[in-house]
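The structure appears right after this line, and notes come after that.
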Amino acid sequence: MKRYTIFVITENFIGILNRITIIFTRRGINIDALTASESRIEGIHRITIEVTASEDTVIQLVNQIEKIIDVIKAFYHEDEGVVYQEIALYKIPVSKLDGGLEKIIRQHNAKIIAAEPEFVVLELSGHKEQTQELLEILKGYGLLEFARSGRVAVAKRMHTIDSYVK
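Be aware that the sequence shown starts at 1, since it is given in the UniProt record's numbering, and climbs by one per residue.
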């Protein structure tokens, strides 16, 4: 089993996520991360799905997704075929800020994006393993809250959304 990124290009965004998740549910496959956004083309949306499965299973998923009427194109890549990042936010009590925590923040290239009287919010962009590593460390500093986005990715090969929309 490998990690794959499935890209879905669609025109009509209403209800599409529900139809896609049903395909995964019926096959008993977990979605590791899901991100939906506009594309650079007006009216065209892009859905990025991270999944751990066999390539045969991923091919079946992509073929099934492409049968949905509003889907323009679905395709997949192994991790090596995409450039990807996630964003993580960590809320920590101000009382825990000290020289040791400052050093950890710098070592992980995290940054403070909000400071309130009771807490600070750190941001870290990176791969899941990186954001998870910082999460485990910050648990020892009284971590108040944590949130991580799904994968945001672009394919390394030079196909653009335009080539599918025409």
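Note that beta-carbon positions come from the ideal geometry of N, C-alpha and C, so glycine has one too.
Residues bridged to residue i [DSSP beta-bridge criterion]
i: Gly126; result: Glu86
i: Val154; result: Val83
i: Tyr4; result: Val51 and Glu78
i: Phe13; result: Paired residues: none, contrary to the question.
i: Pro93; result: Phe119
i: Val71; result: Thr10
i: Ser37; result: Arg46
i: Lys111; result: Glu123
i: Glu145; result: Lys91
C-beta atoms of residue i and residue j nearer than 8 angstroms
i: Leu124; j: Lys91; result: no
i: Thr10; j: Val71; result: yes
i: Arg151; j: Thr5; result: yes
i: Glu86; j: Lys139; result: no
i: Ile137; j: Ile104; result: yes
i: Arg148; j: Thr131; result: yes
i: His108; j: Leu134; result: yes
Cβ-Cβ separation, residue j to residue i (assumed contact under 8 angstroms), whole Å
i: Ile31; j: Thr21; result: 7 angstroms
i: Arg19; j: Asp79; result: That pair is no contact at about 26 angstroms.
i: residue 170; j: Val51; result: What the structure shows of the chain is the stretch from 1 to 166, and residue 170 is not part of that stretch, so it cannot be assessed.
i: Ala74; j: Phe7; result: 7 angstroms
Top-ranked residue by Cα proximity to residue i, from the options
i: Lys156; options: Ser149, Val121 and Tyr84; result: Tyr84
i: Glu116; options: Leu97, Asn109 and Thr131; result: Leu97
i: Ile113; options: Gln132, Gly126, Gly100 and Ala88; result: Ala88
i: Ile69; options: Glu50, Ser54 and Leu17; result: Leu17
i: Pro93; options: Gln132, Leu122, Asn63 and Tyr76; result: Leu122
i: Val82; options: Gly100, Ile29, Thr48 and Ile41; result: Thr48
i: Ser54; options: Glu118, His77 and Glu102; result: His77
i: Phe119; options: Ile44, Gly99, Gly142 and Val62; result: Gly142
i: Ala153; options: Ile23, Gly43, Ala33 and Met1; result: Ala33
i: Lys67; options: Arg40, Arg27, Arg46 and Ile23; result: Ile23
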